[in-house]
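Q: Okay, here's the structure, questions in a sec.
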């Protein structure tokens, strides 16, 4: 089933059970490139890409928000809650992205990531520590062989307002310093003014810059900054554009603007990932970031993932939370479940 | 058809006072409040442990600002509360008379005493440091100063019998020194306490400094006593059995506990309650620098 401009999501979804599904391959694997090549006709030139992106069905905003709100009403209690809390813990990209970051602060955060609750060693470790590129080496050293990844923002984060060579150098630096994952920001200015091809090529170029000399590559997360994209239609378009360009993960926000991850936007991105998977068989991850502070919020997101993408995505390999204060709330809830009494901020670290 | 001058009765919905807002109980439950003779007065929210949890979060959030305010400012705000109470005097007299089955004149005495007590405690805000702190003589070239500091979030069980004077007598001494309070109103007569919330909301008192919950005292007190983020417990409204249970739970994180005792709420309160929820900070400062 060669993809063509006419093959819309709707058809993909309707006929998905009837046709032979392509075998699922991870976005970071070798086979993914081949699958993307099968979509080459829609990314052949600026006009084709524009026609494809604008040919995507419009988003039903009311329906989307209602669906996201409905999924937020599930009651997750007792053992299911304990499971959800531990799962959310393992999905955290523990983040510090401040101008005032010091090596000491990054090391402290790494120690917390390895051992989130010093009073309870059964608390699982987080997925990754997310820092600025110049802190990658520090984080890498502090994490040692703990298995926790180091994620580095790159490409002139958070604005993305720099020339392409600067962005690529930024990325290569981070990868050379040992980053396992790169969080790039798209050029929102280019996207909003309709220069889709430029955004596409930029993501491709950064993906190439993620390659290491030994043939492996850092995983690439593409940040949309959905708070600046104005419409849901734009979010759907940029999701497809990024996945076509080879994003391993799509991420909502930088956490640096007023509007960050919201349930409807995340749901929309999850649906785009589902449709992309149905069309190409390529599995892409999702990372909501910014504004997720409570266990309750986190569990709502997990419910959305389970209902939209299902079990295969409910692992730290395919779903992450970009957060810092969320961890403390998860730990307090965890303590509440194990001791039966409410915990307080005195019993978790201040960071 | 009704006559022209007949009005529909407008019943008041009594609500909790948490974080400066007036929520219903998270559980959605209410219970019937009756006067001494069993006549229905109103439905009051029947708080759950989650309401208690939310109230503690609100109180902890308010603690930084309230304890950091100047003593002068706290005194002014508490005096303002007394001013607002004075304006609603008739309402409180009616509520206290209903709640406690007292005559109007006795209820008036209770309400007046409560307002006066509020003023009396307001005056203590910038004076308590003089009686609870001071300069310590030390054998070295240092100034050594002890100063009382608020302990944090105080969970108070309001007296069961004295629904208004008793309530004021546990709230005011705790907040005047800079603590924030989660108060569980008298189980059988919570209405004056819930109305007090409306007064507090309109007297410059920052939201969350006082939080009022109504419901079954034992049900709400248990999670409060075990709560790791509650710093102190005032057991004025607990009977002996409940008090023992709560004290045991409170020991887990070494809360300060003020144990229940026979109190005459109309008597001169003294400074006991004022000093019960303070911690002493002592600083050494080199002399002649």
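Chains as they are written, first to last, in our numbering: chain A, 7 to 357; chain B, 4 to 292. Yeah, the Cβ is synthetic: ideal placement off N, Cα and C, and Gly gets one too. Note that this is a predicted model, so its numbers are computed, not measured.
1. Look up residue 262 of chain A in the DSSP assignment and say whether it is helix, strand or coil.
2. Which of the three DSSP states, helix, strand or coil, is assigned to residue 42 of chain B?
3. Given residue 182 of chain A, which residues of its chain have a CB within under 8 Å of its CB, disregarding the five upstream and five downstream residues?
4. Relative to the alpha-carbon of residue 59 of chain A, which residue among A/249, A/35, A/291 and A/226 has its alpha-carbon at the smallest distance?
5. For the stretch 94-123 of chain A, which residues have a CB atom closer than 8 Å to at least one CB atom of chain B, in sequence order?
6. Chain A partners of residue 232 of chain B, CB-CB under 8 Å?
7. Quick test of your reading: residue 127 of chain B and residue 179 of chain B, contact by CB under 8 Å. State the CB separation rounded to the nearest angstrom.
8. Below 9 Å on C-beta distance, what does residue 229 of chain B contact in chain D?
9. Span of the beta strand (DSSP E) holding residue 99 of chain A?
10. At 7 Å on the CB atoms, spell out the chain A contacts of residue 56 of chain B, in chain order.
11. Please confirm if residue 341 of chain A has its CB atom under 9 Å from at least one CB of chain B.
12. Which same chain residues end up closer than 6 Å to residue 75 of chain A when comparing Cβ atoms and leaving out the 5 residues on each side of it in sequence?
13. Closer than 9 Å, CB to CB, is residue 153 of chain B near chain A or not?
14. Quick one: what does DSSP say residue 136 of chain A is sitting in, helix, strand or coil?
15. What residue range is occupied by the uninterrupted alpha helix (DSSP H) comprising residue 203 of chain A?
16. What is the DSSP secondary structure of residue 106 of chain B, reduced to helix, strand or coil?
17. What would DSSP say about residue 84 of chain A, mapped onto helix, strand or coil?
18. When the Cα atoms are used, what is the spatial distance from residue 69 of chain B to residue 215 of chain B?
19. Need the endpoints of the alpha helix (DSSP H) that residue 1 of chain A sits in, please.
20. Should residue 290 of chain B be labelled buried (16 or more other beta-carbon atoms within 10 Å of its own) or exposed?
21. Let me confirm a value: residue 287 of chain B is counted as buried when at least 16 other C-beta atoms fall within 10 Å, else exposed. Which label applies?
22. Within 10 angstroms of its Cβ, does residue 7 of chain A collect 16 or more other Cβ (buried), or is it exposed?
23. Residue range of the beta strand (DSSP E) that residue 60 of chain A falls in?
24. Are at least three pairs of beta-carbons, each pair with one atom in the stretch 183-192 of chain A and one in the stretch 224-239 of chain A, less than 8 Å apart?
25. Starting from the beta carbon of residue 63 of chain B, find every residue of chain A whose beta carbon is closer than 8 Å, and list them in chain order.
26. So, with DSSP's three-state summary, where would you put residue 8 of chain A?
27. What residue range is occupied by the uninterrupted alpha helix (DSSP H) comprising residue 238 of chain A?
28. Would you mind reading off the limits of the alpha helix (DSSP H) that contains residue 119 of chain A?
29. Output needed in chain order: residues of the stretch 23-40 of chain B with a Cβ under 9 Å from some Cβ in chain A.
30. Just checking: is the beta-carbon of residue 255 of chain B within a distance shorter than 9 Å of some beta-carbon in chain A?
31. From B/11, B/10, B/26 and B/89, pick the residue whose C-alpha is nearest to that of residue 17 of chain B; which is it?
32. How far does the alpha helix (DSSP H) with residue 247 of chain B in it reach, from first residue to last?
33. Give every residue of the same chain whose Cβ lies closer than 7 Å to the Cβ of residue 146 of chain B, excluding the five residues on either side of it in the sequence, and list them in chain order.
A: Well, looking at it:
1. Correct three-state label for residue 262 of chain A: coil.
2. In this structure, DSSP gives residue 42 of chain B a state outside helix and strand, which the three-state scheme calls coil.
3. The answer is none, since no qualifying residue turns up.
4. The shortest C-alpha to C-alpha distance from residue 59 of chain A to any of A/249, A/35, A/291 and A/226 is the one to A/249.
5. The stretch 94-123 of chain A vs chain B, Cβ under 8 Å: nothing.
6. Correct list: 348, 349, 350, 351 and 352.
7. Residue 179 of chain B and residue 127 of chain B do touch by the CB rule: their CB atoms are close to 6 Å apart, below 8 Å.
8. Absent here is chain D; the protein component of the structure consists of chains A and B.
9. Residue 99 of chain A -> beta strand (DSSP E) spans 98-101.
10. Neighbours of residue 56 of chain B on chain A, chain order: 348.
11. Look at residue 341 of chain A: its C-beta is under 9 Å from a C-beta on chain B.
12. None.
13. The beta carbon of residue 153 of chain B does not come within 9 Å of any beta carbon belonging to chain A, so the residue lies off that interface.
14. It is a strand residue.
15. Element bounds for residue 203 of chain A: 202-215.
16. If DSSP states are grouped into helix, strand and coil, residue 106 of chain B belongs with coil.
17. Residue 84 of chain A: helix per DSSP, three-state reduction.
18. Residue 69 of chain B and residue 215 of chain B: Cα-Cα distance of roughly 17 Å.
19. The shown model of chain A, from 7 to 357, leaves out residue 1 of chain A, and the question about it has no answer.
20. Exposed, by the Cβ-count rule.
21. Under this definition residue 287 of chain B is an exposed residue.
22. Since pLDDT at residue 7 of chain A reaches only 43, below the 50 mark, its modelled position is unreliable, and the value read off the structure follows with that caveat. So residue 7 of chain A ends up on the exposed side.
23. Where residue 60 of chain A is concerned, there is no enclosing beta strand (DSSP E), although the alpha helix (DSSP H) it sits in stretches over 52-61.
24. These segments touch.
25. Result: 350 and 351.
26. Only weak support exists for where residue 8 of chain A lies, its pLDDT of 48 falling under 50; the coordinates are left without a value.
27. In the DSSP assignment, residue 238 of chain A falls within the unbroken alpha helix (DSSP H) covering 238-251.
28. 109-120 is the extent of the alpha helix (DSSP H) around residue 119 of chain A.
29. Using a CB distance below 9 Å, no part of the stretch 23-40 of chain B faces chain A.
30. At least one chain A Cβ lies under 9 Å of residue 255 of chain B.
31. Looking at the Cα atoms, B/26 is the closest of the given residues.
32. 243-253 is the span of the alpha helix (DSSP H), which, as asked, contains residue 247 of chain B.
33. Within its own chain, the residues whose Cβ lies closer than 7 Å to the Cβ of residue 146 of chain B, once the five positions on either side in sequence are excluded, are 138, 288 and 290, listed in chain order.
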